[in-house]
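Novice:
Numbering (this note's numbering), first residue to last: 13 to 196.
1. In this structure, how does DSSP classify residue 83 when only helix, strand and coil are distinguished?
2. Determine the extent of the alpha helix (DSSP H) in which residue 95 is found, giving its start and end residues.
3. Short of 7 Å in beta carbon distance, which residues of its chain neighbour residue 26, apart from the five on each side in sequence? Order them along the chain.
4. Report the start-end ranges of each alpha helix (DSSP H) in the stretch 105–163 that is 4 residues or longer and not cut off at the edges.
5. Straight-line CA distance for residue 20 to residue 62?
6. Taking a contact to mean a Cβ-Cβ separation below 8 Å, would you say residue 190 touches residue 143 in this structure?
7. For residue 19, which of helix, strand or coil comes out of DSSP?
8. Residue 179 bridges to which residues according to DSSP?
9. What separation, rounded to the nearest whole angstrom, lies between the Cα atoms of residue 46 and residue 109?
As structure tokens, this is what we get:
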């Protein structure tokens with residue numbers, strides 16, 4: 013199948029986040045040439061590109077500080093969730109309801125809409141908590157990329173009209189990380 017990949021919609025949402033936060037110029041300067049070229053000529057929404065480009069963007073944002081990564085993850089993912097992943101999320105909600113367990117237990121369906129060779133696993137802990145593990149086949153994933161995922165996963169609560177927290181437990185190995193969810 014090849015190296016892990018993201019759809020162009022994921023890259024474009026990251027670029028939109030950079031623009032909304034006024035970070036594009038600073039981040040582009042820190043990118044390796046291969047990713048800078050992709051930023052200059054973004055892929056189509058449905059085109060597959062190597063996930064390494066997304067890693068590069070996350071690392072460059074990470075160099076600006078942990079708070080910046082958090083804001084970037086939230087802002088950048090809002091558009092992605094509202095557009096590219098919306099049909100999948102709406103389908104899940106219309107058939108199964110809009111509880112965090114419902115959405116997260118089907119998170120693999122959402123992930124498949126924008127990621128290739130990325131797995132999402134869910135485990136219920138209690139009525140108001142769960143853990144999810146994300147893994148990227150064959151990749152050494154930078155910590156800042158997992159921080160972006162954490163900020164993205166926080167949107168679970170706004171989508172489900174709940175209040176809650178997401179904690180990045182820790183990367184469990186270079187290609188995988190666990191997240192703990194708790195809600196009211």
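Built from N, CA and C at the ideal position, the CB exists for glycine as well.
Specialist: Reading from the atomic positions:
1. By 1-based counting over the chain shown, the position of residue 83 is 71. DSSP places residue 83 in helix when its eight states are reduced to three.
2. Translated into the one-based positions of the chain shown, residue 95 becomes position 83. Run containing residue 95: none; DSSP gives neither H nor E here.
3. Taking the first residue of the chain shown as position 1, residue 26 is located at position 14. These residues qualify, in order along the chain: 66, 69 and 88.
4. Segments of the alpha helix (DSSP H) lying fully in the stretch 105–163: 112–116 and 119–124.
5. Within the chain shown, residue 20 is the residue found at index 8, counting from 1. Within the chain shown, residue 62 is the residue found at index 50, counting from 1. Rounded to whole angstroms, the separation of the alpha carbons of residue 62 and residue 20 is 10 Å.
6. Position 178 of the chain shown, counted from the first residue, corresponds to residue 190. Position 131 of the chain shown, counted from the first residue, corresponds to residue 143. Result yes, Cβ atoms of residue 190 and residue 143 sit closer than 8 Å.
7. By 1-based counting over the chain shown, the position of residue 19 is 7. Residue 19: strand per DSSP, three-state reduction.
8. Position 167 of the chain shown, counted from the start, is the residue given in the question as residue 179. Note: residue 179 sits in a beta bridge opposite 192.
9. Counting from 1 along the chain shown, the entry for residue 46 is found at position 34. Counting from 1 along the chain shown, the entry for residue 109 is found at position 97. Annotation: residue 46 to residue 109 spans about 42 Å, alpha carbon to alpha carbon.
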